[in-house]
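Chains as they are written, first to last, in the UniProt record's numbering: chain F, 1 to 765; chain B, 1 to 167. Beta carbons are placed, not taken as given, at the ideal position from N, Cα and C, and that holds for glycine. Step one of this worksheet: look at the structure below.
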Ligand code: FES
Ligand code: FES
């Protein structure tokens, strides 16, 4: 039995948040700071003929205006993002100059006085245009608009043979939209010149401190360790506070070094929508073949992913998409090809779920369409084909019972029983014809999700744990707390291992000068990779404490136990040493270090580049959801009434936090499915603020019922796997399927908005 | 072109202030910049997200939509004023901590203040009433489920124990 792990303890950083004491990026101020404001492009694609900064510089209170030529090192960062556009703007969010002034107001005024002459150029604004051979190119150094290294594939079996065996074949195309992560805190950074040496210190709403450190160093022409990045409290990120913050940090850092003064930049909501990454839009073309009994024999797909003007994420997103492209099903013949394309538009990046929500929308809609064609129920077809223990996934990875469990079958059965899925579905089909314009619908979806980065990249994470003389314990992860609750889960792991109470633990914000490069806080790797790193560091410290205790108790180290704040010999439990006593003896008496770095790499996972087959992820999480809605067929308005969902996540380190992740993910899924869209027209962004980009409020929330399934998965710390992203991806297909159940109309494009619901299609495209 | 500053008399968190501010400065900026009350957040600047919610003369309002000039004589509560003199937490703060209603925390001050106004006017709100009362406060993290539970719990705590602290 665990003492602290697997319990719903209070978050360790919540007091600061409910009292308004926690400082977010915009709350940080530093004497003599300058306020920086970016001047953005006026056109989606244009040549920059001239930038005239004189007038702006002449304004009283303006200290400096920089353009690309002022960047001391590399102007081009990871993903081809320019700190400031040099000769050409490639999308409407490109920065061309930055103004630094004594006040926010002066900076705003001065930004308007920077005169830029452009020569407008034709551009490539959507996937169709981007695909065409000889179309305009977004990046002239490559031959077409296909994003480098973004083609990922899977070859399993022989699809031609498969389709010959098939008795039913369907071909369908599904499309998804750009959406913003819409964290409520807009991006903010403050960059201070290092007071003691040449370098900078960057604080802010930073999801990936190490990427920013590396990029800013090359921009400044400095060594990596001359740039120090410390995260502030982050007001949500969901993948988004990355590229935009990198650009802000780089721009402010250039000015901070030149002026020797701290430089602060806070984005407005409009700027955040303009300049931050979005969820990639997908066009997923599928062909599926099955036998009359419902067994799927072949799936072939070609998927095109809109990357936008710059992109450092499509190649990773497409890798994940290729693994998930055939869904959580046993299918003998699979051929998958996923491509990313550049366009002169806002760009795609990471957003909770990454590429899975798009793929799951496609595959889980498709499987319902296949069921309909075969006159089977959505439940039946999933039960027949879903991955079961011992089955081989498309990538060839075998799901072993007890090792990598595949509990989907049971989960699907239980959720259908609980929601009365079959009888409601039949009833709603009968009610389609009636006079009442309010129709009800119920829809099912299921998914699996590779935990962590897997073969997508280096999955290593690190953690620093330090015990001080008073017995207090400082934990600092290389991964970042953004509100997901990771640091509380980490604290629980450390307290459990050391056998002490949580009160001893203090968290430190991620600081690149303290903890080793952990890569990015993405892919729901905070527990699996980050938690294991904590476990390793804590175990190392326990070892040292026990070494000391064994001398003090004169016993064998193997006999020692740490529990409830005491360390004792299990065969002589009456003589107990307090935790503090042993800590003191280590640090004072023996000079033993009580600081340890944990370093954990779950991989290496590897796939064959020719076939895309191999071990993709160390382990998988599973999920299934049932959506119930009511739609008014006269207005097209959808009311989501209830989402019932079940997730298998190994062990929940903190069940309350795990549930919060699911509730939040589910509601974001509802927004993605029926409300949200970042609209662009000819490269211009039409959606500017929250009056246009409607996200769910409490008035839009459905009833939510979440069940967590636990298992003894051996990979993660205490059997824990991934939580953060699983919630969102099931919702759009479950709702599309429910909408079909209600109306008989199949909508293959997100969002499921009024127009699409009424007409069954969209007027544009 | 420098606008003439005006004198602004406001009472914030039970303390009287006499400030000299430009009349078209947003109340949000007065609170954050002139008074250092950083618990008031800015999420959109157009009155849509509710992150800048404060209680002004007993009503929850978006401080980004109020100009300093319009706040003359107002009585204001921000999240900083909710805690008692000895640091005692308000039942709403306790309940938000206990139910897991806080993730990133950026919406939390505004969410708590909108809930405060609700509970003052309606000590036993239904779930629907809570949903309506906080519908002007966006939260992107929690899906609102545990926030609603928190407000229910706070209502119960306040009915049982009475409130000793501000609010
Ligand atoms: S900042 Fe005032 S409502 Fe969003
Ligand atoms: S907790 Fe993050 S926005 Fe509400």
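Name the DSSP beta bridge partners of residue i, please?
i                      : result
residue 650 of chain F : F:720
residue 284 of chain F : F:174, F:303
residue 151 of chain F : Its beta-bridge partners do not exist; DSSP assigns none.
residue 338 of chain F : F:152, F:303
residue 586 of chain F : Its beta-bridge partners do not exist; DSSP assigns none.
residue 203 of chain F : F:190, F:230
residue 640 of chain F : F:629
Under DSSP, the alpha helix (DSSP H) around residue i begins and ends at which residues?
i                      : result
residue 231 of chain F : No alpha helix (DSSP H) contains residue 231 of chain F, which is instead part of the beta strand (DSSP E) from 227-231.
residue 655 of chain F : 655-674
residue 162 of chain F : 159-165
residue 49 of chain B  : Premise fails: residue 49 of chain B is in no alpha helix (DSSP H) and is neither H nor E.
residue 727 of chain F : 726-729
residue 21 of chain B  : Note, residue 21 of chain B: premise wrong, no alpha helix (DSSP H); beta strand (DSSP E) at 15-21.
How many angstroms separate the CA atom of residue i from the CA atom of residue j?
i                      : j                      : result
residue 731 of chain F : residue 718 of chain F : 29 Å
residue 155 of chain B : residue 678 of chain F : 39 Å
residue 772 of chain F : residue 543 of chain F : Here chain F covers residues 1 to 765 and nothing more, so residue 772 of chain F does not appear.
residue 152 of chain B : residue 136 of chain B : 18 Å
residue 5 of chain B   : residue 21 of chain B  : 5 Å
residue 315 of chain F : residue 79 of chain F  : 10 Å
residue 144 of chain F : residue 336 of chain F : 21 Å
residue 47 of chain F  : residue 33 of chain F  : 34 Å
residue 720 of chain F : residue 606 of chain F : 22 Å
residue 536 of chain F : residue 248 of chain F : 35 Å
residue 75 of chain F  : residue 124 of chain B : 59 Å
residue 429 of chain F : residue 626 of chain F : 16 Å
residue 480 of chain F : residue 724 of chain F : 13 Å
residue 471 of chain F : residue 257 of chain F : 40 Å
residue 78 of chain B  : residue 26 of chain F  : 17 Å
residue 66 of chain F  : residue 633 of chain F : 55 Å
residue 57 of chain F  : residue 13 of chain B  : 41 Å
When the cut-off is 8 Å and only beta carbons count, does residue i lie next to chain B?
i                      : result
residue 735 of chain F : no
residue 445 of chain F : no
residue 571 of chain F : no
residue 689 of chain F : yes
residue 656 of chain F : yes
residue 186 of chain F : yes
residue 686 of chain F : no
residue 2 of chain F   : no
residue 265 of chain F : no
residue 183 of chain F : yes
Establish whether the CB of residue i and some CB of chain F are separated by less than 8 Å.
i                      : result
residue 88 of chain B  : no
residue 135 of chain B : yes
residue 126 of chain B : no
residue 123 of chain B : no
residue 69 of chain B  : no
residue 85 of chain B  : no
residue 109 of chain B : yes
residue 97 of chain B  : yes
residue 154 of chain B : no
residue 6 of chain B   : no
residue 20 of chain B  : no
residue 79 of chain B  : yes
residue 165 of chain B : In this prediction, residue 165 of chain B has a pLDDT of 48, which is less than 50 and means its spatial position is unreliable; nothing more can be read from the coordinates.
residue 105 of chain B : yes
residue 74 of chain B  : no
Considering residue i, what are the terminal residues of the beta strand (DSSP E) in which it resides?
i                      : result
residue 446 of chain F : 438-450
residue 546 of chain F : Unbroken run through residue 546 of chain F is the alpha helix (DSSP H), 525-553; no beta strand (DSSP E).
residue 566 of chain F : 566-569
residue 38 of chain F  : 34-40
residue 507 of chain F : 505-507
What I want to know is whether the C-beta of residue i ends up closer than 7 Å to one or more non-hydrogen atoms of ligand 3.
i                     : result
residue 42 of chain B : For the structure depicted, ligand 3 is absent and the ligand set comprises only ligand 1 and ligand 2.
Using a C-beta to C-beta distance shorter than 7 Å, which residues of chain C count as neighbours of residue i?
i                      : result
residue 142 of chain B : Among the protein chains of the structure shown, namely F and B, there is no chain C.
Can you list, in chain order, the stretches of the alpha helix (DSSP H) that have 4 or more residues and sit fully within the region 97-145 of chain B? 108-121, 127-133
At 3 residues or longer, what runs of the beta strand (DSSP E) sit wholly inside the region 42-102 of chain F? 46-52, 62-66, 95-101
Taking only runs of the alpha helix (DSSP H) that begin and end inside the region 366-427 of chain F, which ones reach a length of at least 4 residues, in chain order? Qualifying alpha helix (DSSP H) stretches, in chain order: 378-385, 408-419.
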